[in-house]
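There are 2 protein chains.
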Amino acid sequence: MLDVRPSSIVHRASDLRLFACEVTLAASIDSLRNIAAQLRIDSVRSTSEAGSGHPTSCMSAADIAAALFFSEMRYDPKNPQNPDNDRFVLSKGHAAPLLYAAWAEAGLFPREDLLKLRTIGSDLEGHPTPRLPFVDVATGSLGQGICAAIGIALNARRIGSDYRTYALLGDGESAEGSVWEAADVGTFQKLDNLCAIVDVNGLGQSRATQFGHDMDEFFRRWTAFGWHAIVIDGHDLQAILDALKEARETKGQPTVILARTVKGQGVAAIAGKDGWHGKALKKGEEEDKALAELEQQLVSGAPRPEIPPPSGKSKPTPAADYGTLPPPAYKKGESIATREAWGAALAAVGGVDQRIVALDADVKNSTFSDKFEKNFKDRFFENFIAEQVMIGASMGLAARGAIPFASTFACFLTRAADFIRMAGISMVNIKLTGSHAGISIGEDGPSQMALEDLSMMRAVPDCVVLYPCEAVSTAHLVTAMAQHKGMVYMRTSRPKTPVLYEPTDAFAIGGSRVLRQSDNDSATVVGAGVTVFEALKAYDELQKIGIAIRVIDAYSVQPIDAAALRAAARATRRRVITVEDHYASGGLGDAASEALAADGVAVTRLAVREIPRSGQPDELLERYGISARHIVEAVKSSQ
Amino acid sequence: MLDVRPSSIVHRASDLRLFACEVTLAASIDSLRNIAAQLRIDSVRSTSEAGSGHPTSCMSAADIAAALFFSEMRYDPKNPQNPDNDRFVLSKGHAAPLLYAAWAEAGLFPREDLLKLRTIGSDLEGHPTPRLPFVDVATGSLGQGICAAIGIALNARRIGSDYRTYALLGDGESAEGSVWEAADVGTFQKLDNLCAIVDVNGLGQSRATQFGHDMDEFFRRWTAFGWHAIVIDGHDLQAILDALKEARETKGQPTVILARTVKGQGVAAIAGKDGWHGKALKKGEEEDKALAELEQQLVSGAPRPEIPPPSGKSKPTPAADYGTLPPPAYKKGESIATREAWGAALAAVGGVDQRIVALDADVKNSTFSDKFEKNFKDRFFENFIAEQVMIGASMGLAARGAIPFASTFACFLTRAADFIRMAGISMVNIKLTGSHAGISIGEDGPSQMALEDLSMMRAVPDCVVLYPCEAVSTAHLVTAMAQHKGMVYMRTSRPKTPVLYEPTDAFAIGGSRVLRQSDNDSATVVGAGVTVFEALKAYDELQKIGIAIRVIDAYSVQPIDAAALRAAARATRRRVITVEDHYASGGLGDAASEALAADGVAVTRLAVREIPRSGQPDELLERYGISARHIVEAVKSSQ
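If you're matching them up, the sequences are chains F and X in order. When we follow the working numbering, the leftmost residue of the first sequence carries the number 1, and every step to the right adds one. When we follow the working numbering, the leftmost residue of the second sequence carries the number 640, and every step to the right adds one.
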């Protein structure tokens, strides 16, 4: 039996009318309608049981989710990690109960589990995290999921898969600038395997959104950014299916489906009403009435739709062989900036591990990621000056098996601080590098000087933070970065620094190197990066007046080499001085201080303590208290 | 003598042609041409002398700067802080030498000073900072100046001035999402006193920009976002003047002038060539040849244009009278969330200080900034879900004399971390509030839990960081925030907490309160916010087994009350335990640790040490190691 029904796909919002007809199996639409009702029921029940959550934000998108998960998307519902599964990113993460309901409906876990929503024993958290096997990246900070989707879509090309990527956004979310960064990159990369769907329910948390239901506002923006845009009624299942088909058939550009919806759709008492954002229906009469209304929307006898399987087209990435990597060829006496050594090392590991990809934000000739690009053009992604989408895309790539190295000036990584925070929650395997750290960049001035990056990265639990001072250790640590499974940050410097180590010296995450020591050391000076050389100068100065110090290169700032620091503190009369090209808060000094707290050892911190200014690097180290002279004075005061 | 010359203003990029005629004084155009040549000369000379900088990025915009500073803008060149001066924001901050040259040309300081560019003794830094009286906010992190310009334009309304605001952006800069956040807010606020100019020179730092000279790409985006857009040849002075006039006459929406330019314009050897970003011409032949070429472009005998004066229309804001502020009316026994007390206090100070304005990002009903909005609708600015422009606009408002309070969930302030970094460099008087801090929010899960905000804010030198635990102290500290000149952050909490203090108790920036003490205290426990109550519970538990502890409410995390902590440490056998609803890095523990380092006292830090999950607040405090039980154990271990 066939049902000929009109599609309400329209190509201009101002032109919202019925114009197309499409032949569809009635069973299919009825089935989807039935599922949409069930998803609404589950969203209401789970949030009412939890006593909190966002049921109305689920209900506006329930028809979209039904169409996606039970008609459009090809995936194995029993194996969410199948590499060829179509991917779904819930960019509007607060609609988590809808996502969970869809996977329960698909059969991944029992529907009863939905009632454990938001409880400490369940992975069905308030917003999705990758503790769940069907979540690639944590969402809940708006405007991020679409950036991750860019990376997931890029990954399909990397592994030769035809999987498609779908991202569901809210309309309020579209105010986030990161959405437009993603839009630009999607166009630049011609990601026709990517489809965004915007659930335009017109209501934000605290009031109507800027554009309400003016679909033209959305249509104009997305088409201006180069996307194929389709405006539909987001509760018309046939229109949703037709738009998804049109997206699938659109080549050379990504598609966005702009779906006009009603927040709380399905329950008359709350549908389209302000004041219902992030509110669960109260258990008892309020919930019961809503459920009764929704249950009437179930379509009896509607057959369960078949979920189309993935294609299985992807090719496995060849195994990495780090054993073939030659040792770094730097020699003592040479001077090389760590940023340049990083670029060379990245190009080297890129040769032995094809999972590695690199991303930059229009500074590849300063970070030296261009060395990687030169060798591996297909695995290099330019993000222009858009750090948020760079990190977001890295998250998506990493979630699907790539090992992304993203680089820019360290200070500009702060632009993506919220993405870095969410990358931590997502537990993704991304590698970040910030070059031009600290006042040692000199003349460009404070806006270009990262002095809070160590703090920002140390505030991500389990993020490894590396800060090598010279080329050999940089090269070894880039290899360690690539091989470590988890988030790693490396801080590199602008000035050239002399090679200190032999190519065969060992450097490990959590390690350090003792550069100077004797049996008579009267203090330990802990440096990292450029300050290691100030510490060595201070050592020489102090030698002249008969004071011996221990000098440690703490190239692994997190985890810091607590054992080595504690041993040094014990051997040097519990006098420990840290010196860092960073503000006093959250960096090397705090890391050392915490490592030594259990032994009751307090740390004297030399660090930058005011907004710096332009000047020559040496002038600035002196002026802001982290030069050899300041170390000498601190050692003397400690005696 | 009149010169009738064609204007090349066009209204569609695809339609770039000559169509309008305008009558202009020949002297004027010749004068501007002469000035543009001089600005290019100064940009080359100063960067060559410095040996670094971005001369080519100055040269593409020299004609625009000449037209703005010497024909369009009304200002007092001897008093850059005149409240009615038209304002100019160099959003593309790397063109700083051009800005400096313009002010030298306007007569603010001698041209010879330009040769001190980037030296440690000069305020003419590599990128502009407000150390210079004509710079409102520091720029150099792209995409921020336009956000500040939004705030500066809003401020004109606040003070009743007709000053206009101009922001000069680069084309590469347009990739930053924050630019589009600003575009949306500019449209929402109908800022027809704002004019952005995009210097489309087609070349980024490392390669051609995404759109090169395709002016349609820019035109489509800006018009889609609701701006009046004008495409011109950015080296045609008449076209620039005409476009500026058209912008001035455009009502109800902001205008963007999209200027097609050539990077390095004026010197044939480098004009339009890739590889010349951020490179000074070498002193000697390279510089000399360029200067000779530019000197030929000087127009001999061109009269010096008159700079039009500002209107002087603004009204002074009535003086604040904090003396009339009643003490908070909370009573012991009540329970009020600090976020709610913050909202009430903000509404109260708003009543006695009309400089105060409030900004929020669609969470006013959760942060409680809606209490302020209710009383002072004209001084409340909704930014929807766009935290970057919220902070950027706050910076602009503050730079022009307002006292902006910007609020959102604390975790989402990280979205604007780079803006916060630049606000520090800008030394602006902004007040930030992050609500829903920490795991104590409970069920919403980690994406909504700020656990790095104290770290982020402490990494801004001189930023005051406050974290009250209850309503009375919150109210007093909001008053202190408003009266303090400089950046302040307050962290507020979601759960209701009991009132601890009397309305007449005193709370000051840098202060603390001792809540429990005796002569026999065997350890000091330092809490802030929700952990104060855990510390009080621990006190009760420990009392039962005969252990007395000192409990301190460290509501001022930066500056921390070092004197009080040192006194407590001395009185409690040098045993200090901090407990915070925050990650271990960069927060209360590190602050206390540094305050005590000079006395050789080490600090035991109880803090969240892994990515948390959804659950009930009490369950989470227990699970993540910051509950009363953990404090009790830490105290016992310290004995």
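Quick reminder that beta carbons are idealized off the backbone N, C-alpha and C, glycines included. Values in this document were obtained by computation on a predicted structure and should not be read as measured data.
N- and C-terminal bounds of the alpha helix (DSSP H) containing residue i
{"i": "E1249/X", "result": "Element bounds for E1249/X: n/a, residue is neither H nor E."}
{"i": "M59/F", "result": "P55 to M59"}
{"i": "Y1178/X", "result": "T1170 to K1183"}
{"i": "R796/X", "result": "G784 to I798"}
{"i": "P736/X", "result": "A735 to A745"}
{"i": "K636/F", "result": "A628 to S638"}
{"i": "S1112/X", "result": "A1110 to Q1122"}
{"i": "A821/X", "result": "G816 to F827"}
{"i": "K496/F", "result": "Not the alpha helix (DSSP H): K496/F falls in the beta strand (DSSP E), residues K496 to P498."}
Helix, strand or coil at residue i [DSSP, three-state]
{"i": "I1191/X", "result": "strand"}
{"i": "V506/F", "result": "Inspection of the sequence shows that residue 506/F is occupied by Ala rather than by Val. In the structure shown, A506/F sits in coil (DSSP, three-state: anything other than H, G, I, E or B)."}
{"i": "I1199/X", "result": "coil"}
{"i": "K289/F", "result": "helix"}
{"i": "G1129/X", "result": "Inspection of the sequence shows that residue 1129/X is occupied by Met rather than by Gly. The answer is strand: DSSP assigns M1129/X an E or B state."}
{"i": "R164/F", "result": "coil"}
{"i": "A1089/X", "result": "strand"}
{"i": "D30/F", "result": "helix"}
{"i": "L25/F", "result": "For L25/F, the predicted structure reports a pLDDT of 47, less than 50, and the residue's modelled location is therefore unreliable. The matter cannot be settled from this model."}
{"i": "D519/F", "result": "coil"}
{"i": "A358/F", "result": "strand"}
{"i": "A302/F", "result": "coil"}
{"i": "M395/F", "result": "helix"}
{"i": "L466/F", "result": "strand"}
Where residue i falls, given that 16 or more other Cβ within 10 Å makes a residue buried
{"i": "S627/F", "result": "buried"}
{"i": "A1119/X", "result": "buried"}
{"i": "K1013/X", "result": "exposed"}
{"i": "D519/F", "result": "exposed"}
{"i": "T209/F", "result": "buried"}
{"i": "C21/F", "result": "Because the pLDDT of C21/F is 37, which lies under 50, any placement of that residue in the model is unreliable, and the question is left without a value."}
{"i": "G186/F", "result": "buried"}
{"i": "S1046/X", "result": "buried"}
{"i": "V635/F", "result": "buried"}
{"i": "Q935/X", "result": "exposed"}
{"i": "S974/X", "result": "exposed"}
{"i": "G690/X", "result": "exposed"}
{"i": "S585/F", "result": "buried"}
{"i": "R220/F", "result": "buried"}
Residue i vs residue j beta-carbon contact at 8 Å
{"i": "D136/F", "j": "P310/F", "result": "no"}
{"i": "P446/F", "j": "P612/F", "result": "yes"}
{"i": "H277/F", "j": "G204/F", "result": "yes"}
{"i": "F864/X", "j": "D823/X", "result": "yes"}
{"i": "P1107/X", "j": "L920/X", "result": "no"}
{"i": "Q483/F", "j": "Y583/F", "result": "no"}
{"i": "G234/F", "j": "A196/F", "result": "no"}
{"i": "P769/X", "j": "S1065/X", "result": "yes"}
{"i": "D418/F", "j": "R1133/X", "result": "no"}
{"i": "S161/F", "j": "S314/F", "result": "yes"}
{"i": "H213/F", "j": "T255/F", "result": "no"}
Residue range of the unbroken beta strand (DSSP E) whose run includes residue i
{"i": "F1019/X", "result": "F1019 to E1021"}
{"i": "A196/F", "result": "L194 to V200"}
Closer than 7 Å: residue i CB and nearest the ligand ZN heavy atom
{"i": "I549/F", "result": "You won't find the ligand ZN in this model; it holds no ligand whatsoever."}
Unbroken stretches of the alpha helix (DSSP H), 4 residues or longer, contained in the region 848 to 926 of chain X: Counting whole runs of 4 or more residues, the region 848 to 926 of chain X contains the alpha helix (DSSP H) stretches 854 to 863 and 876 to 888.
query: In chain order, which alpha helix (DSSP H) runs of at least 4 residues are fully inside the region 1047 to 1074 of chain X?
result: Runs of the alpha helix (DSSP H) spanning 4 or more residues and lying entirely within the region 1047 to 1074 of chain X occur at 1049 to 1052 and 1056 to 1065, in chain order.
task: May I have a chain-ordered list of the alpha helix (DSSP H) segments no shorter than 4 residues that lie completely inside the region 1197 to 1241 of chain X?
output: Listed in chain order, the complete alpha helix (DSSP H) runs (minimum 4 residues) inside the region 1197 to 1241 of chain X are 1201 to 1210 and 1227 to 1236.
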